[in-house]
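Residue numbers (our numbering): 777 to 1228.
The C-beta atom is built at its ideal place from N, Cα and C for all residues, glycine as well.
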């Protein structure tokens, strides 16, 4: 049974140890002590980027996955266990923490981290509501003048079904709360919409109905510090489980960057138009945003519109955008977490490489539904040069890895063009296998542009 300090003593201990040298560090040892919260492919990408930063001395991941153990220390603490998390922050003298998953944002982990007097990349629970409540996000968009689909909010599935009476065209049905990327259904008619409202992921709470928008989609992430908004490289995500964008929605079957639909040189202007107004509204409401704000975008005949906001790095977008960032990722995240992003970037402007990256998600049989773990993974030591395996749901079994979830591994590859990166990613995907493994064959097949 672990001993838990009272919260006020934890905060006192944190402040004291931050003024002294940590007992776990050698005298004069430089570098940041970083903590990443979460355990999937996005968190692997974040830890991977930190491992390449000269400013970072150690990386802890709670809980992480076994594939991260090559460059990070796995901490056996549930990331939503605030008292134990605070104890670890104090004992390990953590300087910087980055929040990965959406459920931690909704639980208010960003608030707890900032109370612990460390740099925290992750919004407050109040600001993070822009993701964990779809109706709130729509209200913010309307107030900010951000173009989006026409919408209506309903307290439950029954009320939403009543609102569909007499309407038989296509409609988007969304769970108002978090649904692990699976709470959105684009229904072709009222019958499909009613089926969606009866599904397990949508039937349990408030529902948002939206008009269907047609066009090309893109993902745009930005670093947001109050009203300061700095775009990251645009990317393109593939959500459907099957080739040709068929099958159920998933957390993401792959991604690539750069894209033709939203070129790199238009990223900042697009962020200024579609992300910055929402950041200003949140600040005006007394809930300034600090962290990464993701906008799912669609380019319609009337121009760009926002489909959704996410209050953290995208997954699988992080797997392809973070490898493009130049400079010291640890110092960049520290400046964001400490609320001095503007001053930092005035001296060190954010730059990213012109290389292309493609990620292909290798999934367990049954995903995005129920899956079984324990299948032995073959071929991880046989990847082509220029390709990496970003672990998302793996465990060690002796000297080998086995599956432990739905999206198991992201094969990420870089090249001078999207076509070259895609070829390497699929060459790597073909070499990694286990019983029941599947992946889409058309990630980055159309769109994308290489920048030499």
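Inter-residue distance for residue 1178 and residue 1160 is about 21 angstroms (C-alpha atoms, whole angstroms). Straight across, the Cα-Cα distance linking residue 1182 with residue 1172 is about 16 angstroms. Comparing alpha carbon positions, the residue from 1105, 1040, 1107 and 1174 closest to residue 995 is 1040.
By DSSP's assignment, residue 809 forms a beta bridge with 834. With distances taken between CA atoms, residue 1037 lies nearest to 1075 out of 917, 882 and 1075. Runs of the alpha helix (DSSP H) spanning 4 or more residues and lying entirely within the segment 1117-1163 occur at 1117-1123, in chain order. In this structure, residue 855 places its C-beta atom within 7 angstroms of the C-beta atom of residue 813. Using a C-beta cut-off of 8 angstroms, the segment 1064-1072 makes no contact with the segment 976-987, since fewer than three inter-stretch Cβ pairs fall below that distance. If you draw a straight line from the Cα of residue 1191 to the Cα of residue 1131, it comes to about 6 angstroms. The alpha carbon of residue 869 has as its nearest neighbour, out of 883, 833 and 826, the alpha carbon of 833. Looking at 881, 910, 806 and 1167, the one whose alpha-carbon comes closest to that of residue 1066 is 881. In the DSSP annotation of this structure, the continuous segment of the alpha helix (DSSP H) that includes residue 917 starts and ends at 910-920. Rounded to whole angstroms, the Cβ separation of residue 952 and residue 1015 is 19 angstroms, and the two are not in contact under 8 angstroms. For residue 1025, DSSP records a beta bridge to 1016.
Here residue 1147 has 1140 and 1182 as same chain residues with Cβ atoms under 6 angstroms from its own Cβ, once five neighbours each way along the sequence are excluded. Using a C-beta cut-off of 8 angstroms, the segment 1119-1134 makes no contact with the segment 891-909, since fewer than three inter-stretch Cβ pairs fall below that distance.
Apart from sequence neighbours up to five positions away, the residues of its chain that approach residue 895 with a beta-carbon distance below 6 angstroms are 872, 1110, 1113 and 1114, ordered along the chain.
Note on the segment 931-993: whole alpha helix (DSSP H) runs with a minimum of 4 residues are 933-939 and 966-973, in chain order. According to DSSP, residue pairing for residue 995 in a beta bridge involves 1011 and 1072. Taking a cut-off of 8 angstroms for Cβ pairs, the segment 935-942 and the segment 914-924 do not touch, as fewer than three such pairs fall below it. Cβ-Cβ distances below 6 angstroms link residue 891 to nothing in the same chain once the five nearest sequence neighbours on each side are left out. The segment 1019-1035 makes no contact with the segment 1049-1064; the number of CB pairs closer than 8 angstroms stays below 3. Here residue 907 is buried: its Cβ has 16 or more other Cβ atoms, across all protein chains shown, within 10 Å. For residue 963, the number of other beta carbons within 10 angstroms of its own is at least 16, and it is reported as buried.
Within the model, the alpha-carbon separation for residue 1221 versus residue 1009 is close to 19 angstroms. Residue ranges of uninterrupted beta strand (DSSP E) with 3 or more members, entirely inside the segment 1077-1114 and ordered along the chain, are 1079-1086. Taken atom to atom, the span from the alpha-carbon of residue 1089 to that of residue 944 is near 36 angstroms. Counting along the chain, residue 1211 sits inside no alpha helix (DSSP H), nor does DSSP assign it H or E at all.
Residue 840: not part of any beta strand (DSSP E); DSSP gives it neither H nor E. Boundaries around residue 1178 are those of the beta strand (DSSP E), 1176-1179, since no alpha helix (DSSP H) includes it. Assigned with DSSP and collapsed to three states, residue 820 falls in helix. The C-beta of residue 1198 has 16 or more other C-beta atoms within 10 Å across all chains shown, which makes the residue buried. Every alpha helix (DSSP H) stretch that sits fully inside the segment 867-902 and reaches 4 residues is listed by chain position as 878-882 and 885-891. DSSP, reduced to helix, strand and coil, places residue 1188 within a strand of the structure shown. For residue 1056, the enclosing alpha helix (DSSP H) covers residues 1052-1060.
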